[in-house]
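In my numbering, the protein residues as written are 273 to 711.
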C-alpha cells in the first residue's frame, strides 16, 4: 500500500462503525472513518435544543448487554451510568397497569385471567428447552428456536389474551414490527432475561457513548462511499465529497452501514448468496416527536405503551425527567413520542406541524391531561429505523459469512439483532476479522 494510507477504511460512523474503528485504534491500526451525513452516531445520536438533549434512537442499555457495558467502562462513563427505576406501564382500557416483566408480575397482574396465568408454565417449559442458549444478540444461539413467528407461538402455546396484553406491547415496542412478522426466538430471548433485567442510561443521554467512541478518531463527514473492491493486495473505495470524487486505498474495509447501502456499495463484488441476503433485509420506519416541556409531567414510571387498535403504531411515550439522566434543565421535563409501522410510514411524509399535532393529541389521550407548555420540539424521521427479524432470519444469519473476499467485512445491527448491543458486537467482530486479514 502507498505510504500515508490508513490500514482500514471504516464506512459508517454509527455505533457499529465507531466500535470497529475504536477496536482497531486500540490495536495501533491506522483507520479512516467515512460518514455520508453531517453528524456522527447515526440512529444512536442526539439532538440538542435549548438545553434539552433528545436521543434520536437508542435510549438505554441493559444488564444483558455485555459489550455495551464493557465499552461504557472502558470509556470512563461508568460513574455517569443511571439506573432507570421501575417497569414501564401499559395504557389498557383507559387505565395504567405495570408491564409484566417476570413470573411474579405475571401471576399478580390484572392484565391476565386465571386461565392465562395457568398457561404460563408452558412458557417456562419453552425456556428450559433452550437453557444455556438464547443470547439476545447472537444469531447462532437463537437459530434453534427460530422456527415460527412470535405471534404463532404465543397464540398456540400461551393464548390470545397473553399475546394481546403481554407479548405484543413488550415485543413490538422494541422491534416496531408486528409480532406476526418477528421470530419466536427474539421473543423467547427477551422472556428469558426479562425477570432479572435492569435498565440503564448515561447522564446526558445515550449519545455520549458514541461521542466517546468517536473521540480522537479521524472522521470525514459528508463523504459518501460509492463502491468498494479488492485491489492489489488491499481495497479501493470510491467516495464522493462535495461533488468531488476520489478513490481511497487501504489494506481492508469495513462496511458498517445499513443493508441497502451495503448492497449498493458492494455492487457485484459480493457473492450471489450475500447479495440475495442483503436484498431480503427489511427495516421498520419510525417517527419520533420530542417535546421540551416547561414543567414536570409528574410521571411515576419511565414510559407508557398504549394498547388497543386506536393506538396502533404508537410504540410508546417516554418521560425524560423521570429517567434522571439530566437531559432536561432543572425543573423541566421532556416527552418522547415514538411511532412505528404503518403510522410511522404515513408520518414520514407529513410536515412537522402535522406530526406534532397528531402525536401530541394521542399522547394527551394516554396521559388524560393536556401536555404542559412546549419550549422546543424536534421530529426525527427514520425510514430505516429498526431491522426486521422475521422467522428464519436467525437461522440464515447463523450460516452467513459477513466477509467479502479476504479484505472487506460487514457490520451492523441487521446482522445480529434490533439493539445497540448488536450493532456494537458486529462492529467489533468486523474489526477482529480485519485485524486477522492485515496481520
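Backbone N, C-alpha and C fix where the C-beta goes; we use that ideal spot for every residue, glycine too.
Residue i - DSSP class collapsed to helix/strand/coil
| i | result |
| --- | --- |
| residue 704 | helix |
| residue 590 | strand |
| residue 462 | helix |
| residue 656 | strand |
| residue 430 | helix |
| residue 296 | helix |
| residue 308 | coil |
| residue 557 | strand |
| residue 518 | strand |
| residue 334 | strand |
| residue 567 | coil |
| residue 435 | helix |
| residue 467 | helix |
| residue 661 | coil |
| residue 643 | coil |
| residue 693 | helix |
| residue 595 | helix |
| residue 249 | Past the boundaries of the shown model lies residue 249; the chain is included only from 273 to 711, so the question cannot be answered. |
Rounded separation between residue i and residue j - CA only
| i | j | result |
| --- | --- | --- |
| residue 410 | residue 338 | 12 angstroms |
| residue 288 | residue 351 | 24 angstroms |
| residue 460 | residue 523 | 41 angstroms |
| residue 223 | residue 583 | With the chain covering only 273 through 711, there is no way to say anything about residue 223. |
| residue 595 | residue 336 | 19 angstroms |
| residue 490 | residue 478 | 22 angstroms |
| residue 518 | residue 597 | 43 angstroms |
| residue 600 | residue 486 | 24 angstroms |
| residue 427 | residue 629 | 36 angstroms |
| residue 283 | residue 434 | 43 angstroms |
| residue 508 | residue 319 | 34 angstroms |
| residue 533 | residue 417 | 30 angstroms |
| residue 560 | residue 653 | 7 angstroms |
| residue 512 | residue 440 | 43 angstroms |
| residue 315 | residue 363 | 27 angstroms |
| residue 299 | residue 616 | 42 angstroms |
| residue 292 | residue 313 | 13 angstroms |
| residue 707 | residue 527 | 15 angstroms |
| residue 382 | residue 369 | 8 angstroms |
| residue 705 | residue 681 | 7 angstroms |
| residue 640 | residue 366 | 9 angstroms |
| residue 649 | residue 563 | 4 angstroms |
| residue 676 | residue 558 | 31 angstroms |
| residue 550 | residue 585 | 26 angstroms |
| residue 589 | residue 575 | 5 angstroms |
| residue 544 | residue 698 | 22 angstroms |
| residue 443 | residue 358 | 18 angstroms |
| residue 672 | residue 501 | 20 angstroms |
| residue 645 | residue 692 | 32 angstroms |
| residue 678 | residue 709 | 7 angstroms |
| residue 656 | residue 448 | 11 angstroms |
| residue 374 | residue 301 | 45 angstroms |
| residue 531 | residue 497 | 14 angstroms |
| residue 348 | residue 475 | 12 angstroms |
| residue 580 | residue 635 | 14 angstroms |
Continuous alpha helix (DSSP H) stretch holding residue i: start and end
| i | result |
| --- | --- |
| residue 544 | 544-552 |
| residue 483 | 479-486 |
| residue 537 | 531-538 |
| residue 613 | 613-619 |
| residue 631 | 624-639 |
| residue 278 | Run containing residue 278: none; DSSP gives neither H nor E here. |
| residue 445 | 440-447 |
| residue 496 | Note, residue 496: premise wrong, no alpha helix (DSSP H); beta strand (DSSP E) at 495-503. |
| residue 665 | 665-671 |
Which residues DSSP lists as bridging residue i, in chain order
| i | result |
| --- | --- |
| residue 650 | 562 |
| residue 318 | 327 |
| residue 283 | 306 and 527 |
| residue 609 | 561 and 589 |
| residue 455 | 421 |
| residue 491 | 305 |
Beta carbon proximity, residue i to chain C, threshold 8 angstroms
| i | result |
| --- | --- |
| residue 393 | The structure shown has no chain C; it contains just one protein chain. |
Span of the beta strand (DSSP E), counted from its first residue to its last, around residue i
| i | result |
| --- | --- |
| residue 508 | 506-513 |
| residue 425 | Not the beta strand (DSSP E): residue 425 falls in the alpha helix (DSSP H), residues 422-425. |
| residue 729 | Nothing in the structure corresponds to residue 729, since the chain is present only between 273 and 711. |
| residue 473 | 471-474 |
| residue 575 | 575-578 |
Near the ligand MG: residue i beta-carbon under 7 angstroms from a heavy atom
| i | result |
| --- | --- |
| residue 683 | Only the bare structure without any ligand can be found here, which leaves the ligand MG out of the picture. |
(message) Going residue by residue through the segment 337-413, where are the continuous beta strand (DSSP E) segments of at least 3 residues, counting only ones entirely within it?
(response) 353-356, 361-364 and 367-370
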